[in-house]
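Undergrad:
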Amino acid sequence: MTTLKSPSKFRIAIVGAGLGGLLFALFLQKHAEDIEVDIYESAHELTELGAGVAMWPRVWELIKYLGLEEELLEISGSSRAGAPNFVFEKADEAQSVYIHTFPAPAQTFHRADLQKLLAKHLRAYDRIQYAKRLASYTEPASESDPIVLKFRDGTEATCDVLVGCDGIKSAVRRTMYTRMADEAEANGQAEEATRLRAMNDPIWSGCVAYRGLIPAGQLENSDRKEALVPRIVIGKHKNVVIYPISGGEIVNVVAFVETPGGRGTHYSGPWVSTSTTEEVAQQFSGWAPIIRTLVNSWTNPTVWAIHTAAELPTFVKGRVVLLGDAAHAMTPHQGSGAGQAFEDGLILSSLLAHPSVNLKTISRALKIYDDVRRPFAQNIQRVSDLTGSMYHLHEMGWEKVSAEESMAGQYPPELLSAWGQRMSELLVWVSEGDSLKAREQVVSLLESTLA
Ligand SMILES: Cc1cc2nc3c(=O)[nH]c(=O)nc-3n(C[C@H](O)[C@H](O)[C@H](O)COP(=O)(O)OP(=O)(O)OC[C@H]3O[C@@H](n4cnc5c(N)ncnc54)[C@H](O)[C@@H]3O)c2cc1C
1 MTTLKSPSKF RIAIVGAGLG GLLFALFLQK HAEDIEVDIY ESAHELTELG AGVAMWPRVW
61 ELIKYLGLEE ELLEISGSSR AGAPNFVFEK ADEAQSVYIH TFPAPAQTFH RADLQKLLAK
121 HLRAYDRIQY AKRLASYTEP ASESDPIVLK FRDGTEATCD VLVGCDGIKS AVRRTMYTRM
181 ADEAEANGQA EEATRLRAMN DPIWSGCVAY RGLIPAGQLE NSDRKEALVP RIVIGKHKNV
241 VIYPISGGEI VNVVAFVETP GGRGTHYSGP WVSTSTTEEV AQQFSGWAPI IRTLVNSWTN
301 PTVWAIHTAA ELPTFVKGRV VLLGDAAHAM TPHQGSGAGQ AFEDGLILSS LLAHPSVNLK
361 TISRALKIYD DVRRPFAQNI QRVSDLTGSM YHLHEMGWEK VSAEESMAGQ YPPELLSAWG
421 QRMSELLVWV SEGDSLKARE QVVSLLESTL A
């Protein structure tokens with residue numbers, strides 16, 4: 001018995017129920033009544049890590065579009081009075097130096113609150129199938145054959161369209177690019193095969209991030225007041241992002257430390273491990289008082305090696321599509337990885353839901369997704385890297401200032417104002433709410449392509 005309102009035109013398998021996969025499922029639900037969805041997640045339950053996530057106006061617009069704004073503000077305890085603005089400071093010296101306040105506000109949430117809400121809004125029949133770790137898939141032999149999904153537990157499932165939302169170590173991407181490399185090899189293109197195989201490997205950004213949550217009530221009054229102002233503080237080779245979540249009850253802190261020359265080298269340790277307060281405190285000794293207070297208040301910091309995905313030559317092969325970190329994992333310096341996954345979901349669902357798209361015409365819809373989303377998201381990958389380089393004072397003349405000079409406040413003051421100006425330019429796109437306009441444009445493009 002079908003549970004859809006209309007007969008199904010095709011069946012989509014979403015692999016991965018992270019923020020990207022869940023939002024994509026919700027967009028499909030909003031846009032299509034004739035698409036069946038199965039969601040496969042490797043974890044035994046939804047367990048978003050204990051950390052915050054920020055959403056710029058461009059992304060918040062999508063939450064509103066899905067009608068989730070009120071409920072999200074309710075469960076997160078966030079202010080309805082308006083989201084706060086991030087303050088930029090230089091803090092690798094005895095006292096923080098104010099640079100500027102970014103004009104666009106950001107909504108900040110506990111990831112678990114967000115994920116719970118998204119999962120709650122899935123249709124009853126789109127429920128997630130847990131403990132299903134995809135190992136690989138088999139491509140269909142013909143237009144009408146299904147794709148066969150193979151799971152690590154030995155079971156199989158089928159679908160018409162496979163959307164890999166399985167994060168930076170994506171099994172969907174690995175299968176897709178291994179197949180493309182094998183095909184290149186079979187055609188005698190050995191160099192191309194090597195290039196394609198390399199697309200499977202995440203790239204170490206040269207940075208680690210210490211992450212942790214601090215109960216605001218644990219801080220002295222004056223420190224608490226300061227810690228509840230969202231801020232991005234910069235310094236030579238390091239920066240810290242601080243913002244309140246859960247209605248100001250928790251302070252989310254992420255402290256980035258760069259290994260000079262580390263970018264693109266192999267990171268030999270585990271990607272996520274536990275750290276100690278002493279280790280983080282040592283990294284930030286000599287920084288402004290609020291930073292030292294916060295890093296000393298951490299009880300169980302974790303340390304993450306920040307990796308990115310290579311710039312892929314395509315997000316699509318046949319009826320298999322990559323979305324979110326599986327397609328374009330980026331450094332977190334623009335706070336935009338999840339936002340870009342949401343934009344992928346908006347565009348892909350709009351194309352697939354179009355009444356003219358069926359198994360005969362789907363290749364044209366997927367080509368538009370790749371043509372539109374890949375250049376956009378890959379540009380944000382590059383801008384995120386540049387932003388990290390700005391935060392760590394390697395750009396705009398700062399490269400001539402040593403760590404010692406930076407910490408001693410020995411630098412021309414005009415370097416700071418030029419830095420602030422450039423940073424505003426790099427972030428301006430996040431305040432532009434034009435992703436819904438992009439949706440209208442791709443639908444028109446699809447209609448003219450299929451006319
Ligand atoms: C320190 C840090 C701070 C960040 N801050 C922000 C921010 O403020 N704003 C923002 O927009 N972005 C931020 N990001 C980026 C953001 O977290 C990611 O871009 C986003 O979570 C990607 O979502 P995703 O669903 O594509 O992938 P993931 O969140 O990685 O989800 C993938 C899902 O797939 C599942 N899975 C994996 N493999 C398989 C398999 N083989 N079979 C089945 N299931 C599988 C996983 O269990 C997981 O549930 C930050 C990132 C970091 C590291």
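Position one of the sequence shown corresponds to residue 1 (UniProt numbering), numbered consecutively onward.
Note that the Cβ used here is the ideal one computed from N, Cα and C, for glycine as well.
Within the same chain, show all residues whose beta-carbon is closer than 6 Å to that of ASP113, passing over the 5 residues directly before and after it, in chain order.
TA: ILE75, SER76
Undergrad: With which residues is THR308 paired in a DSSP beta bridge?
TA: ILE203
Undergrad: Which residues in the same chain have their Cβ closer than 8 Å to the Cβ of SER144, if we skip the five residues on either side of it in sequence?
TA: Spatial neighbours of SER144 in its own chain (CB-CB distance under 8 Å, excluding positions within 5 residues in sequence) are listed in chain order as LEU359.
Undergrad: Which first and last residues belong to the beta strand (DSSP E) in which HIS110 is found?
TA: Segment 107 to 110, the beta strand (DSSP E) holding HIS110.
Undergrad: On the CB-based measure, 16 or more other CB atoms within 10 Å of its CB, does ARG382 come out buried or exposed?
TA: exposed
Undergrad: Residue ranges of each beta strand (DSSP E) run of no fewer than 3 residues wholly in the region 65 to 101, ordered along the chain?
TA: 85 to 90
Undergrad: Secondary structure at THR314, three-state DSSP: helix, strand or coil?
TA: coil
Undergrad: Taking the straight line between their C-alpha atoms, what separation do you get for THR314 and ASN200?
TA: 13 Å
Undergrad: Helix, strand or coil for ALA157, going by three-state DSSP, please let me know.
TA: In the three-state reduction of the DSSP assignment, ALA157 falls in the strand class.
Undergrad: Kindly identify the DSSP beta-bridge partner or partners of ASP38.
TA: ALA13
Undergrad: If you drop the 5 nearest sequence neighbours on each side, which residues of the same chain put their C-beta closer than 6 Å to that of THR2?
TA: Legend: pLDDT at THR2 = 39, less than 50; position of this residue unreliable, no value from coordinates given.
Undergrad: State the Cα-Cα distance for the pair ILE347 and THR276, rounded to the nearest angstrom.
TA: 42 Å
Undergrad: Would you tell me roughly how many angstroms separate the C-alpha atoms of ARG133 and GLU183, rounded to the nearest one?
TA: 26 Å
Undergrad: Please go through the region 206 to 262 and give each complete alpha helix (DSSP H) segment of 4 or more residues, from N-terminal end onward.
TA: 221 to 227
Undergrad: Could you pull out every unbroken alpha helix (DSSP H) segment of at least 4 residues lying fully inside the region 137 to 188, listed in chain order?
TA: 171 to 186
Undergrad: Kindly indicate which residue of SER389, GLN410, LEU19 has the alpha-carbon position closest to the one of SER261.
TA: In the sequence under discussion, the amino acid at residue 261 is Gly, which differs from the Ser named in the question. Closest by alpha carbon: SER389.
Undergrad: Would you say the beta carbon of LYS116 is closer than 7 Å to some non-hydrogen atom of ligand 1?
TA: no
Undergrad: In whole angstroms, what separates the C-alpha of MET180 from that of ASN187?
TA: 11 Å
Undergrad: Run through DSSP, which three-state label would ALA327 get?
TA: helix
Undergrad: Pull up the CB-CB distance for HIS354 and LEU446, whole angstroms please, since I reckon it's below 8 Å.
TA: 6 Å
Undergrad: What is the C-beta distance between ASP344 and GLY324, in whole angstroms, given that I count them as a contact (C-beta under 8 Å)?
TA: 6 Å
Undergrad: Using the beta-carbon count (16 or more within 10 Å), is GLN115 buried or exposed?
TA: buried
Undergrad: Am I right that LEU228 and PRO244 are in contact with their C-beta atoms under 8 Å? What's the rounded C-beta distance?
TA: Taking C-beta atoms under 8 Å as the contact rule, LEU228 and PRO244 qualify, at a distance of about 5 Å.
Undergrad: What first and last residue would you give for the alpha helix (DSSP H) that runs through MET423?
TA: Residues 414 to 427.
Undergrad: Give me whichever residues DSSP pairs with VAL320 in a beta bridge.
TA: For VAL320, the beta-bridge partners assigned by DSSP are LEU162, LYS317.
Undergrad: What are the boundary residues of the alpha helix (DSSP H) that residue 480 is part of?
TA: Outside the displayed span of the chain (1 to 451) sits residue 480, for which this structure offers no information.
Undergrad: Since I believe THR101 is in contact with VAL87 (beta carbons under 8 Å), could you give me their beta-carbon distance rounded to a whole number of angstroms?
TA: 5 Å
Undergrad: Please find out if some non-hydrogen atom of ligand 1 comes closer than 7 Å to the beta-carbon of ILE168.
TA: yes
Undergrad: So is GLU425 buried or exposed if we call it buried at 16+ other beta carbons inside 10 Å?
TA: exposed
Undergrad: Heavy atom of ligand 1 less than 7 Å from the Cβ of ASP325, yes or no?
TA: Relative to the non-hydrogen atoms of ligand 1, the Cβ of ASP325 comes within a distance shorter than 7 Å of at least one.
Undergrad: Taking GLU404 as the reference, which of GLU395, GLU93, SER363 has the closest Cα?
TA: GLU93
Undergrad: Restricting to Cα atoms, I'd like to know which of ARG111, GLN29, LEU312 is closest to LEU19.
TA: Nearest C-alpha to LEU19: ARG111.
Undergrad: Measure the C-alpha to C-alpha separation of GLU399 and SER406 and round it to an integer number of angstroms.
TA: 10 Å
Undergrad: Which residue or residues does DSSP assign as beta-bridge partners of THR274?
TA: THR302
Undergrad: Give a yes or no on contact between the region 34 to 48 and the region 56 to 75, applying the rule of three or more CB pairs nearer than 8 Å.
TA: no
Undergrad: On a Cα-Cα basis, can you pick out the residue from SER268, SER417, ALA408, TRP429 that is closest to ILE380?
TA: TRP429
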